[in-house]
Amino acid sequence: MLALALAVFLPLVAHVLELRSHRGAAPPVIHTFHVSPTGDDARDGSSPATAWRSLDKAAAFAFKPGDKLLFEGGAHFRGSLTFGPGEAGDAAHPVVVGTYGAGRATIDAIGGAGIRVHNTAGIEIRDLVIVGGGADNRTTGGIELYSDVTDGRTLDHVHITGVEVSGFKNGIQIAAGPRSTGFRGVRIRAANLHGNTENGLVSFGPRFDAAAPRYAHEDVVVSEVEAHHNPGDPTNHFNNTGSGIALGSVRGGRIERSTAHDNGSLAAAPEGPVGIWTYDSTAVVMERNVSFRNHTAGQKDGGGFDMDQNVSSSVLQYNLSYDNDGAGYLLYSGQSNTAHTDNVVRFNLSINDARKLPEYAGIHLAGSVNNAEVYHNTVVMEARSWAPAAIRLQKFFGGLSNIVLRNNLIVSGGTNLVLADDFSPASVLLQGNNFFAESGSWAVSWAGASYANLEDWRAATGQERLGARAGGSDADPRFVRASRAGSPDQRAKALTPRRDSPLAGSALDLRSLFDVDPGPVDFLGRPLVGAGTVGAIQPAT
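Okay, structure coming up:
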């Protein structure tokens with residue numbers, strides 16, 4: 006975990022030091038330009054009274070570091086903006102694009118992106134509505150960051166705040182060319198991304214090489230973003246579309262306090278969409294997000310969260326996933342390498358996931374996945390017409406290696422608590438988990454054999470043992486509320502064990518036994534007491 010922390014925060018330190026190096030230079034002369042439907046392009050734009058009229062006028066102007074371009078709030082402007090090489094570019098003195106007056110201005114984009122940032126940075130985009138919908142908009146991002154620089158530079162500082170983007174291929178797109186470096190110091194906050202054909206927010210870069218990994222983008226933070234009703238492209242039969250938020254080719258990223266829902270309904274390619282996920286990336290933290298009712302029109306994915314191929318040193322924590330077509334939490338790599346490694350999944354909730362595709366599970370590990378720790382999660386599969394497992398462990402490609410699942414609370418309603426291929430405890434180890442069938446029969450399927458109780462499964466497989474001592478349990482957690490319906494907050498709190506729960510204080514002490522730091526708090530932010538309680542939530546006090 007120390008290595009992960011350094012990987013995440015060292016880029017931030019370097020960024021701060023670089024900004025300090027600019028302080029000795031003379032500040033730029035800052036100009037503010039205004040655009041209004043009642044303006045005149047022959048004027049200088051320096052005030053609301055002398056505003057420009059058209060977006061074309063603003064698009065033709067070369068903006069220098071520190072300049073501001075402000076559109077009249079509540080008004081509509083037809084056209085698009087591009088910032089290219091020779092414009093902006095100063096992280097310490099960014100160009101600001103935003104709104105003046107009451108309300109947000111709307112850019113009705115034509116000819117492609119609403120705002121395109123190409124081979125430059127030092128830009129902040131604030132409080133705008135960007136709308137596409139024409140054929141030209143369906144091939145690009147509403148806000149598009151694109152780099153094809155090949156001299157090793159990373160383009161620093163792009164902040165996007167308070168925007169609403171709809172009607173494009175991707176709402177926000179962060180991209181680097183095949184041999185290019187990309188962007189760093191990217192902040193996307195409080196964005197509403199909906200009705201885009203392929204994805205709400207996506208980043209990508211050059212093809213990943215496991216033998217010499219490199220990442221196009223650095224220090225990317227996505228917070229308080231809502232990505233919803235991005236349906237996927239029904240004409241794309243090859244690649245995944247229809248995701249809410251997807252970070253690819255990122256070193257040092259974070260997705261936090263964001264929501265993805267009702268995405269992917271038209272995506273039918275052989276690889277499917279996921280609400281919130283990352284791939285070909287390292288040191289990415291996804292925390293305190295909610296992903297629900299995400300779909301797939303095909304037979305793949307449609308899940309809540311995913312660490313997909315070639316993800317390393319990353320963390321999924323304090324997230325809520327429910328009512329998704331596919332897995333709640335998927336760790337997957339279909340590539341025969343060891344690049345998917347050193348990841349942690351902890352203090353998450355999955356409720357009734359894998360609604361459409363029962364081959365998935367609440368927590369699902371498959372393919373070439375190495376060195377993963379999965380602990381203090383709660384998975385609930387209520388009795389329904391479908392029959393997914395709560396936990397699934399699947400062997401193909403390189404198989405699972407050095408996987409540990411500890412202190413997880415697993416609840417089923419008449420289906421498998423665990424469905425696993427043939428794994429020895431040396432490759433996949435379960436310890437200190439609680440397996441409870443709240444309706445139907447207790448069942449674990451392991452290596453093709455079925456077990457009707459914990460003791461028989463333990464004896465046959467060597468799972469749920471601590472040395473010579475038997476481990477694991479099958480107790481009723483005694484949740485405070487039977488119903489898991491309602492708001493995300495109500496669903497989460499329903500999975501709080503009562504004070505008299507037999508699981509209270511029963512968790513394995515990860516620190517003393519395994520030198521694992523579980524962190525300071527549970528899913529609800531309550532301080533962990535002692536070794537803690539099995540599952541993601543401490544008992545009510």
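Each residue of the sequence shown is one higher than the last, beginning at 6 in the working numbering. All C-beta atoms in this analysis are idealised placements derived from N, C-alpha and C, irrespective of residue type, glycine included.
- The bridge partners DSSP lists for L271 come to none.
- Classified as buried, T264 has 16 or more neighbouring CB atoms from the shown chains inside 10 Å of its CB.
- Of the other Cβ atoms in all chains shown, fewer than 16 fall within 10 Å of the Cβ of V526; this residue is therefore exposed.
- Boundaries for R256: no alpha helix (DSSP H) harbours it, while the beta strand (DSSP E) harbouring it runs V255 to E261, taken from the DSSP string.
- In summary, R489 is buried, with 16 or more beta-carbon neighbours lying within 10 Å of its beta-carbon over all protein chains present.
- Only residues of its own chain outside the window of five on either side were considered, and among them P502, L508, A509, G510, S511, A512 and P544 have a CB closer than 7 angstroms to the CB of T538, listed in chain order.
- Look at W282 here: in three-state DSSP terms it is strand.
- Remark: C-beta atoms of L198 and P236 do not approach each other more closely than 8 angstroms.
- With respect to R262, R293 sits close: the two C-beta atoms are nearer than 8 angstroms.
- By DSSP's assignment, P502 forms a beta bridge with F484.
- For G307 against D330, the beta-carbon gap comes to about 3 angstroms, under 8 angstroms, which counts as contact.
- Unbroken beta strand (DSSP E) stretches of 3 residues or longer found wholly inside the region 182-207: 188-194 and 197-199, given in chain order.
- Sequence-distant partners of Q314 (beyond 5 residues in either direction) whose C-beta falls short of 6 angstroms from its own C-beta, in its chain, are Y284, S338 and Q340.
- The C-beta distance from A126 to A97 rounds to 11 angstroms, too long to meet the 8 angstroms contact threshold.
- Of the candidates I177, H222, N241 and S254, the residue whose Cα lies closest to the Cα of D214 is S254.
- For G277, the number of other beta carbons within 10 angstroms of its own is at least 16, and it is reported as buried.
- Rounded to the nearest whole angstrom, the C-alpha separation of N376 and F401 is 16 angstroms.
- The Cβ atoms of N438 and E460 lie no closer than 8 angstroms to each other.
- If you compare the alpha carbons of V295, D426, V409 and A442 with that of Q436, the shortest gap goes to V409.
- For secondary structure counted as the alpha helix (DSSP H) over 4 or more consecutive residues, the region 340-380 holds no complete run.
- Taking C-beta atoms under 8 angstroms as the contact rule, F188 and S152 qualify, at a distance of about 6 angstroms.
- Membership of F519 in the alpha helix (DSSP H) is indicated by the continuous run L515 to F519.
- The residue from W282, N175 and N421 with its alpha-carbon nearest to that of Y365 is N421.
- Burial state of R504 is exposed, judged by a 10 Å Cβ sphere holding fewer than 16 other Cβ atoms.
- Nearest to H162 by C-alpha distance, out of L354, I193 and I128, is I128.
- In the displayed model, P393 falls within coil according to three-state DSSP, outside both helix and strand.
- Note that the region 99-106 touches the region 73-81; at least 3 beta-carbon pairs, one per stretch, sit closer than 8 angstroms.
- The alpha carbon of G524 has as its nearest neighbour, out of L518, L471, Y323 and N241, the alpha carbon of Y323.
- Judged by DSSP in its simplified three-state form, E460 adopts helix.
- If only complete runs of 3 or more residues are kept, the region 113-142 shows the beta strand (DSSP E) at 120-123, 128-131 and 133-136, in order along the chain.
- Counting along the chain, the unbroken beta strand (DSSP E) around D311 starts and ends at G308 to M312.
- About 13 angstroms separates the beta carbon of R463 from that of G472, a gap too long to meet the 8 angstroms contact definition.
- V379 is positioned such that its CB atom lies no closer than 8 angstroms to that of I356.
- Under the 10 Å beta carbon count, T301 is surrounded by 16 or more other beta carbons and is classified as buried.
- When DSSP states are grouped into helix, strand and coil, D224 belongs to the strand group.
- Taking the Cα positions, A448 is about 11 angstroms away from D479.
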